[in-house]
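First comes the structure, then the notes that go with it.
Residue numbers (the working numbering): 8 to 726.
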């Protein structure tokens, strides 16, 4: 384990999510400490700092916690309820929490310095009108200084904070310059920032595909945005042209204020540069970099950074979305909760049909349904709760804290807006956002008409998100990965690549797909029977009775080399007592390989053995899937005795592992029918093969006394 210096942590640590957070905890403290937080669904610093005691879960008498409890606690042998956390574990976690709290407090104080007390009072008590904005000195740079004294080597903020500042500044500029037009990051433009030691390289790509350099002023810790503002006002920006045209068309359709808007001086010509005084214009690699001497005033700063009031992390993350979250509903709302709160938290709301903020704030307790004993919520309860030995369900601390913070943040926001406190916004901006959100909801609703085909919702949503990301940052939902894996197997690499390249962002690359398949542990070796893996699978689904099925399908005959197992695949293996020989075709001799092509047939069929678990527990039904026991090529040259010996081998090997084979199934091939006849003793008996003697797991068939036609013996090894 690497040693992390807690005295030299960067601000980025405060924003680590999920796996990145768990990796940080593991590097700082260890695997056990990481598992302590992971079991409670504590998946970020915000949740960790809000929990009063991370060790309180050890008071729960639960099988899931036994191993971890024995690892990091001393358990009293006289009273197993009396436990003591090991001193080193407790001291390490307490020290880390204390350090992170100090780090978080310093970060909040530093961000508070962006606003003066006077500017705070002016922005929170009165709305911002267009007249008020027009009287504020305009500026083309965003000043990010932490104090009024210029610093020669400022402390750089996290990259995400700079992106938030730039996007807020662009939004305010658009509102002030183009009435009823709003520009959003990742929709109308994309910001690319790269940290280069004490400097930051910044570029912004406009919706019209023009890329413009953003100058970073090191002495003032600020970005110079005049280049992009100049570009937006220029008549060559096709994105602004389209937005204005769409706005005019919509207003004309509604016959609402169209004449006034066209005559309004705010909706002026794009070439009008009134209100922006650039001192110099430098052509640097066609980037149109502009240098402006005017600095932003305190009042202007209060508007640009209005949304950066220091607050808890949950509020900081949700702040850009609070104005339009009230219009989210159904899948859009659940997707939002999943993105910002968590997967399990989203399912808790979805299963209760809490489909928007209005309903959520009316529910007194979102966890009360977990007290109900219902099979519909059993799977969710196992993920969201600890199950005690007396079958009581206790909600995991992280999940409870996340949802409570989310609800409390929404309550504070709507309470403040109802009292006209904080969160000053333009009515025009809100209308445009709601219109955009309505379109998104309508798009989702189209695919909700048939809920049985929910994959299309996930696929379209995943594709939409990837369209806003760079090609090297595509992310894919687990369901999309599963679909891609099956599609690649069924269609082949050429077809898969053809679809993937023509639908960018829809399917993962073949490299990613290969990694995904390897992680699924689906690697099969020809002729190998995976009995040990079968035992693990049956333990997972809580079953020890199975049905064995077998079938063959045609394949194209070819020989290939398996580099992992160092053998050739495609020859038909020899049978020994009905079983194919494992790794028969391994050689270092080219002459021997050549001889194999002459002596052995190529496989024309692939034979597969599947195991179907017989489930006795309803909760395991969702996990019940056929298990691939073995697969191998064959030339279809075998006898009924070969089939019977193979079944006997499978029966005995399963019995050694306490797996009871109830029966075998196959198609109507005459050899399989003959093997079934031999197994059941139906007017025939195989010499030297005894399936009944010494077998204490025989099946008793209760034959009705009046069934004179039933000639099968009442005692059978299997069906």
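Virtual Cβ for every residue (Gly too), placed ideally from N, Cα, C. Only a predicted model underlies this, so the values are computations on that prediction, with no experimental measurement involved.
Does the distance from the C-beta atom of residue 91 to that of residue 80 stay below 8 Å?
For residue 91 and residue 80, yes; Cβs fall inside 8 Å.
Presumed contact (8 Å Cβ cut-off) between residue 44 and residue 111, rounded CB distance:
Actually they are not in contact, since the Cβ atoms of residue 44 and residue 111 sit about 17 Å apart, beyond 8 Å.
Output the boundary residues of the alpha helix (DSSP H) element that contains residue 200.
Residue 200 -> not in any alpha helix (DSSP H); beta strand (DSSP E) instead, spanning 196 to 203.
Could you check what DSSP says for residue 22 in three-state terms: helix, strand or coil?
In the three-state reduction of the DSSP assignment, residue 22 falls in the helix class, which pools H, G and I.
For the pair the stretch 596 to 603 and the stretch 663 to 677, tell me if three or more CB-CB distances fall below 8 Å.
Between the stretch 596 to 603 and the stretch 663 to 677 there are fewer than three inter-stretch CB-CB distances shorter than 8 Å, so the stretches are not counted as touching.
Determine which residues share a DSSP beta bridge with residue 616 and list them.
According to DSSP, residue 616 bridges with 557, 637.
Work out the CA separation of residue 52 and residue 99 for me, nearest whole Å.
Here the alpha carbons of residue 52 and residue 99 stand approximately 16 Å from one another.
Would you report the Cα separation of residue 597 and residue 577, rounded to the nearest angstrom?
About 16 Å.
Close beta carbons around residue 395, own chain, < 8 Å, minus the five adjacent residues each side:
These residues qualify, in order along the chain: 67, 68, 69, 401.
If you draw a straight line from the C-alpha of residue 724 to the C-alpha of residue 662, how long is it?
Going from the Cα of residue 724 to the Cα of residue 662 covers about 11 Å.
DSSP state of residue 496, grouped into three classes?
Of the three classes helix, strand and coil, the one that applies to residue 496 here is helix, per DSSP.
Contacts around residue 18, its chain only, beta-carbon distance under 6 Å, and the 5 residues preceding and following it disregarded:
Around residue 18: 114, 165.
From the DSSP secondary-structure annotation, give me the bridge partner or partners of residue 400.
Bridge partners of residue 400: 394.
Restricting to Cα atoms, I'd like to know which of 491, 588, 357, 575 is closest to residue 595.
Between residue 595 and the set 491, 588, 357, 575, the nearest pair of CA atoms involves 575.
Could you tell me which uninterrupted beta strand (DSSP E) segments, each at least 3 residues in length, are contained entirely in the stretch 343 to 421, listed from first to last along the chain?
Runs found: 392 to 394, 400 to 402.
For residue 593, which beta-bridge partners are listed by DSSP?
For residue 593, no pairing in a beta bridge is given by DSSP.
Taking one C-beta from the stretch 373 to 385 and one from the stretch 340 to 350 each time, how about it: are there three or more such pairs within less than 8 Å?
Three or more beta-carbon pairs separated by less than 8 Å are not found between the stretch 373 to 385 and the stretch 340 to 350, which leaves the two stretches without contact.
Does the stretch 544 to 562 come close enough to the stretch 632 to 648 that 3 or more CB-CB pairs lie under 8 Å?
Cβ pair count under 8 Å is three or more, so yes.
Contact check, residue 580 vs residue 656, beta carbons under 8 Å
Annotated as distal: residue 580 and residue 656, with beta-carbon spacing of 8 Å or more.
Where does residue 482 sit, in a helix, a strand or coil, going by DSSP?
If DSSP states are grouped into helix, strand and coil, residue 482 belongs with coil.
Give me the DSSP bridge partner(s) of residue 569.
In the DSSP assignment, residue 569 forms a beta bridge with 574.
Residue 670 - DSSP class collapsed to helix/strand/coil:
Shown here, residue 670 sits in a strand according to DSSP, grouped into three states.
Which residue's Cα is closest to the Cα of residue 588: 413, 27, 533?
Between residue 588 and the set 413, 27, 533, the nearest pair of CA atoms involves 533.
When 679, 480, 332 are compared against residue 644, the one with the closest alpha-carbon
Ranking 679, 480, 332 by Cα distance to residue 644 puts 679 first.
List the DSSP bridge partners of residue 106.
Looking at the DSSP assignment, residue 106 forms no beta bridge with any residue, so it has no partner.
Measuring only the C-alpha atoms, how far is residue 332 from residue 362?
Distance between the alpha carbons of residue 332 and residue 362 is about 12 Å.
Beta-carbon proximity check, residue 608 vs residue 584, cutoff 8 Å
Cβ distance not < 8 Å, so residue 608 and residue 584 don't count as in contact.
According to DSSP, simplified to helix, strand and coil, what is residue 583?
Correct three-state label for residue 583: strand.
Closer than 6 Å by C-beta to residue 570: which residues in its own chain qualify, once you throw out the five before and the five after it? Chain order, please.
Within the same chain, residue 570 has no close Cβ partners at all.
Compute the beta-carbon to beta-carbon distance between residue 621 and residue 553, rounded to the nearest angstrom, for a pair I have assumed lies under 8 Å.
That pair is a contact at about 6 Å.
Hey, residue 355 and residue 410 are a contact pair by Cβ (cut 8 Å); roughly how many whole angstroms apart?
Right, their Cβ atoms sit about 7 Å apart.
For residue 444, I'd like the list of residues in its chain whose CB is within less than 6 Å of its CB, leaving aside the five on either flank, ordered along the chain.
With a pLDDT of 42 at residue 444, under the threshold of 50, the modelled position of that residue is not reliable, and no figure is offered here.
Whole-number beta carbon distance between residue 49 and residue 404, since they are thought to touch under 8 Å:
Contact between residue 404 and residue 49 holds, with the beta-carbon distance rounding to 7 Å and staying under 8 Å.
Inter-residue Cα distance where the pair is residue 191 and residue 181
Using only the alpha carbons, I get a separation of about 10 Å.
Can you give me the C-alpha to C-alpha distance between residue 210 and residue 230, rounded to a whole angstrom?
So the alpha carbons of these two residues sit roughly 10 Å apart.
Please confirm whether residue 470 and residue 513 have their CB atoms less than 8 Å apart.
Yes, these two residues count as a Cβ contact at 8 Å.
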